[in-house]
Amino acid sequence: MSTLMNLFDRTRPVLIVDDCPMYRTAAKGMLQKLGFHNEQLLVAKDAASALTVAKTKQLQLVMCDYNLGNKTNGHQLLDEILHDGHLPADCVVVIVTGDASAPVVRSFAELEPDGYLVKPLNFVTLGERLPKMARRKRKLGGLLESYAKGDYEAAVQQADEEIFKASEMATSAQLIKAKALIKNNKLDEARNQLIALRNGSEKGQVAMALATIAMKQKQYKTCLALLEPIEKDPILCAAAMDMSANVLIQQHQFSAAAEKLDAAINQSPKQVSRYQLRAQVAMGMFTPVIASQNIQQALLRSKHSFRETLEIHQLNASLTLDNAQLSEAAERTKLLSRFTEQCREWRSNFQRNQYKPMELLFLARANALRGYVGKARSCLAEYQATIKELDNYQSEQHEMIELAKVQLLLSNAKSYNALMTSVSEALAKDKQNVAYICFLRYISGWRARVEDMAEKATRLRESSLVQIKDGNYERAAGYLAQALELNRADPDIPKTLMVCLTKAWPMGWSKNAVGELAVRCRDLLLDTSAIYSAEFQRASQILASQLQIRELEFANKC
1 MSTLMNLFDR TRPVLIVDDC PMYRTAAKGM LQKLGFHNEQ LLVAKDAASA
51 LTVAKTKQLQ LVMCDYNLGN KTNGHQLLDE ILHDGHLPAD CVVVIVTGDA
101 SAPVVRSFAE LEPDGYLVKP LNFVTLGERL PKMARRKRKL GGLLESYAKG
151 DYEAAVQQAD EEIFKASEMA TSAQLIKAKA LIKNNKLDEA RNQLIALRNG
201 SEKGQVAMAL ATIAMKQKQY KTCLALLEPI EKDPILCAAA MDMSANVLIQ
251 QHQFSAAAEK LDAAINQSPK QVSRYQLRAQ VAMGMFTPVI ASQNIQQALL
301 RSKHSFRETL EIHQLNASLT LDNAQLSEAA ERTKLLSRFT EQCREWRSNF
351 QRNQYKPMEL LFLARANALR GYVGKARSCL AEYQATIKEL DNYQSEQHEM
401 IELAKVQLLL SNAKSYNALM TSVSEALAKD KQNVAYICFL RYISGWRARV
451 EDMAEKATRL RESSLVQIKD GNYERAAGYL AQALELNRAD PDIPKTLMVC
501 LTKAWPMGWS KNAVGELAVR CRDLLLDTSA IYSAEFQRAS QILASQLQIR
551 ELEFANKC
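Its first residue numbered 1, the sequence shown is counted upward by one per residue in UniProt numbering.
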């Protein structure tokens, strides 16, 4: 007991986080028996109350349960507290869990806690293990504080003092020194520090640090060689695979990077950022369906946490609309319905001024994909008016990409090409930013695909005009129906198709199918001037009579 309390301050608070009153009481009682005063021991039943305590108290010990009920779990809580720097650098973090499975332990290990305790808590085990968990933080408190604050020069000096004393913490101090040197970009000096530690007790962390140096110096082959054995480490495997994936992306080896990330997710499935990176890699491979699946996983796992950002919601929506644009009619309808649900989600989680500009672009694109070109133009005009009203507004790359996609759907080729060129040039400037590398590849693939679709639609329409001239209306209607699926923004396609359908339609087309196609053509032209043309009005009246569809009778009143 006395040994333990020599490692702790009898005035600084301790926090016990558990949703079960029995366990909170039991843990508090054990800590009191170990020498902590009652007034030091604070308890929290959920993440929200724990976060409030962490923000306002100089905690020296946190014992956090993994399962905290239906909302924020223990992993998400500690992730936020540590990410935002709410804990002092010398605070001892202990995970208490009833689930000691490898994926749970690995996921927590990536947050670098000081130890684990498995439920049910045992007083003897707690008394034996807590001093071991606390020793490093207590001995290196000042050094850790300097490193956490970003004062790397001071961290190096303090590490040297600890190394000179040849204390039990000399190895840990040397590793922290090397990491501080890496932060200061003194890579060769850091490598020299690390080489001496390669066969020590922290050889996994040392190898990761050496791999970081190799990656920064673009020594990719060396980096991957250093990471290969760590990918088999029971704790560090997922982090090593992440770094390998980053290196492979920088070498444009996207398939290999995807395999690494899939393996990392399988080993440690809690990290939201890992799913985001996997989505980016899928974008680099131009597999938007897989990208969408992974960003949806990121959203699912970020629920109730600070990592549920508007940016993830927006990327999810953008990918949904991309997939809708590239899909057949039935799948497109489903995806556009999903997009509507996605709008509701961010509206319920964020303020309107945060999402309004991007939402207007999304709505413009969704309306264009549905064939409501007038509504799409209205959304675009509202977007342009909105950003003019905002002081010093700067559009981000993702927003410019979305704007370009809208301009293409509205047949504004000049604006589309200018925006895409600008975005591509900006992304290409940072050749080591993996997100930029993936986005640049995705833009290239997307442009090739949609521009090819537009060209095919144009060729089909031109072929249909040749067939019409020859009086072959059946074949012309078939060409135009295909063109309509590829490009709904060109009003000449549905208008010409309506005229063809009054003459003939291909063998095998049912009356119901033709009726549905005619109504779709009418809907696509509702907010365009083409609907008022005499040619279209005459075709509508003929088809209304032939197909007995009352909706077409009122085209002249639209």
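C-beta: ideal position from N, C-alpha, C; glycine also.
ask   = Could you give the distance in angstroms between the alpha-carbon of E331 and the alpha-carbon of L315?
value = Translated into the one-based positions of the sequence shown, residue 331 becomes position 331. Translated into the one-based positions of the sequence shown, residue 315 becomes position 315. Cα-Cα distance, rounded: 19 Å.
task = Report the three-state DSSP secondary structure of I182 (helix, strand or coil).
result = Taking the first residue of the sequence shown as position 1, residue 182 is located at position 182. Helix.
ask   = Considering only residues of the segment 362-419, which uninterrupted alpha helix (DSSP H) runs meet the minimum length of 4 residues and lie entirely inside it, listed in chain order?
value = 373-389, 397-409
task = Out of Q217, K270, H252, K221, state which residue places its alpha-carbon closest to the alpha-carbon of A239.
result = If you number the sequence shown from 1, residue 239 lands on position 239. With distances taken between Cα atoms, A239 lies closest to K270.
query = In chain order, which continuous runs of the alpha helix (DSSP H) of length 4 or greater are located wholly inside the segment 422-510?
reply = 434-469, 473-486, 492-503
task = Give every residue of the same chain whose Cβ lies closer than 7 Å to the Cβ of D9, excluding the five residues on either side of it in the sequence, and list them in chain order.
result = Numbered from its first residue, the sequence shown carries residue 9 at position 9. Within the same chain, D9 has close Cβ partners Q60.
inquiry  = Within the continuous alpha helix (DSSP H) that includes L31, where are the two ends?
reply    = Stepping through the sequence shown from its first residue, residue 31 is reached at position 31. That run of the alpha helix (DSSP H) goes 21-33.
ask   = Apart from the five residues on each side of it in sequence, which residues of its chain come closer than 7 Å, Cβ to Cβ, to A211?
value = Within the sequence shown, numbered from 1, the residue matching residue 211 stands at position 211. Excluding sequence neighbours, A211 sits near C223, L226, L227, M243.
ask   = Is it buried or exposed for E128, if we count other Cβ within 10 angstroms and need 16 for buried?
value = Position 128 of the sequence shown holds residue 128. Exposed, since its Cβ has fewer than 16 Cβ neighbours within 10 Å.
inquiry  = Please state whether the Cβ-Cβ distance between L525 and F536 is less than 8 Å.
reply    = One-based indexing of the sequence shown puts residue 525 at position 525. One-based indexing of the sequence shown puts residue 536 at position 536. Yes, the pair counts as a contact, with Cβ atoms nearer than the cut-off.
query = By how many angstroms is the C-alpha of T458 removed from the C-alpha of L501?
reply = Translated into the one-based positions of the sequence shown, residue 501 becomes position 501. Translated into the one-based positions of the sequence shown, residue 458 becomes position 458. When rounded, the distance between both Cα atoms is 19 Å.
query = CA-CA distance, V94 and K132?
reply = Along the sequence shown, read from residue 1 onward, the residue named residue 94 stands at position 94. Along the sequence shown, read from residue 1 onward, the residue named residue 132 stands at position 132. The straight-line gap from Cα to Cα measures roughly 11 Å.
query = Who are the near neighbours of S327 in its chain, counting only those whose CB is closer than 8 Å to its CB and skipping five residues on each side?
reply = Translated into the one-based positions of the sequence shown, residue 327 becomes position 327. Within the same chain, S327 has close Cβ partners L335.
message = Going by DSSP in three states, G200 sits in which element: helix, strand or coil?
response = For the purposes of this step, residue 200 is identified with residue 200 of the sequence shown, where counting begins at 1. Three-state result, G200: coil.
query = Nearest CA to the CA of R522: which residue from I549, P288, Q32, K511?
reply = Locating residue 522 in the sequence shown gives position 522, where the first residue counts as 1. It is I549 whose Cα lies nearest to the Cα of R522.
task = Could you pull out every residue in the same chain whose Cβ sits closer than 6 Å to the Cβ of I468, ignoring the five residues on either side in sequence?
result = For this step, residue 468 is matched to residue 468 along the sequence shown. Around I468: A476.
Endpoints, alpha helix (DSSP H) assigned at G284 = Taking the first residue of the sequence shown as position 1, residue 284 is located at position 284. Its alpha helix (DSSP H) spans residues 272-284.
message = Just to confirm my understanding: we take L121, look at its own chain, exclude 5 residues before and 5 after, and list those with CB closer than 8 Å. What are they?
response = Indexing the sequence shown from 1 puts residue 121 at position 121. Excluding residues within five positions, the ones whose Cβ falls inside 8 Å are Y23, A26, A27, M30, V96.
task = Indicate whether L380 and A489 have their beta-carbon atoms separated by less than 8 Å.
result = Looking up residue 380 in the sequence shown gives position 380. Looking up residue 489 in the sequence shown gives position 489. The answer is no: Cβ separation not under 8 Å.
query = Does DSSP put I549 in a helix, a strand or coil?
reply = Looking up residue 549 in the sequence shown gives position 549. Reduced to three states, the DSSP call for I549 is coil.
query = If residue 562 sits next to L15, beta carbons under 8 Å apart, how far is it from one beta carbon to the other, in whole angstroms?
reply = Past the boundaries of the shown model lies residue 562; the chain is included only from 1 to 558, so the question cannot be answered.
query = With contact counted as at least three CB pairs below 8 Å, one residue from each stretch, are the segment 335-347 and the segment 355-362 in contact?
reply = yes
Whether A190 touches L181 by CB criterion (8 Å) = Along the sequence shown, read from residue 1 onward, the residue named residue 190 stands at position 190. Along the sequence shown, read from residue 1 onward, the residue named residue 181 stands at position 181. Yes. Within cutoff.
ask   = By how many angstroms is the C-alpha of G204 removed from the C-alpha of D233?
value = In the sequence shown, counting from the first residue as 1, residue 233 sits at position 233. In the sequence shown, counting from the first residue as 1, residue 204 sits at position 204. Going by the C-alpha atoms only, they are around 8 Å apart.
inquiry  = Let me confirm a value: N73 is counted as buried when at least 16 other C-beta atoms fall within 10 Å, else exposed. Which label applies?
reply    = In the sequence shown, the residue the question calls residue 73 occupies position 73. By the neighbour-count rule (16 or more Cβ atoms within 10 Å), N73 is buried.
Proximity winner among Q217, V373, M420, relative to S529 (alpha-carbon distances) = Within the sequence shown, numbered from 1, the residue matching residue 529 stands at position 529. Looking at the Cα atoms, V373 is the closest of the given residues.
ask   = Which of the three DSSP states, helix, strand or coil, is assigned to L143?
value = For the purposes of this step, residue 143 is identified with residue 143 of the sequence shown, where counting begins at 1. L143: helix per DSSP, three-state reduction.
query = In terms of residues, what are the limits of the alpha helix (DSSP H) holding D188?
reply = For the purposes of this step, residue 188 is taken as residue 188 along the sequence shown, with counting starting at 1. Looking at the DSSP string, the run of the alpha helix (DSSP H) that includes D188 is 187-195.
key: Residue of L321, L480, P113 minimising C-alpha distance to N367   = Counting from one through the sequence shown, the residue named residue 367 turns up at place 367. Residue L321 is the option with its Cα nearest to N367.
ask   = Roughly how many angstroms separate the alpha carbons of G508 and M498, rounded to a whole number?
value = Counting from 1 along the sequence shown, the entry for residue 508 is found at position 508. Counting from 1 along the sequence shown, the entry for residue 498 is found at position 498. Using only the alpha carbons, I get a separation of about 18 Å.
request  = Work out the CA separation of N185 and Q158 for me, nearest whole Å.
outcome  = For this step, residue 158 is matched to residue 158 along the sequence shown. For this step, residue 185 is matched to residue 185 along the sequence shown. Between Q158 and N185, the C-alpha separation is close to 18 Å.
ask   = Within 10 angstroms of its Cβ, does N487 collect 16 or more other Cβ (buried), or is it exposed?
value = Here residue 487 is taken as the residue at index 487 of the sequence shown, counted from 1. Looking at its Cβ environment, which holds 16 or more other Cβ atoms inside 10 Å, N487 is buried.
ask   = In whole angstroms, what separates the C-alpha of Q174 from that of L4?
value = Along the sequence shown, read from residue 1 onward, the residue named residue 174 stands at position 174. Along the sequence shown, read from residue 1 onward, the residue named residue 4 stands at position 4. Q174 and L4: Cα-Cα distance of roughly 25 Å.
query = Where T52 and H304 are concerned, what is the direct C-alpha to C-alpha distance, given to the nearest angstrom?
reply = By one-based count along the sequence shown, residue 52 stands at place 52. By one-based count along the sequence shown, residue 304 stands at place 304. Straight-line Cα distance between these residues: approximately 15 Å.
query = Helix, strand or coil: how does DSSP classify I95 here?
reply = Here residue 95 refers to the residue found at position 95 when the sequence shown is read from its first residue. Residue state, collapsed to three classes: strand.
Contact under 8 Å by Cβ, S101 with R136 = As a position in the sequence shown, residue 101 is number 101, starting the count at 1. As a position in the sequence shown, residue 136 is number 136, starting the count at 1. No, they are not a contact pair.
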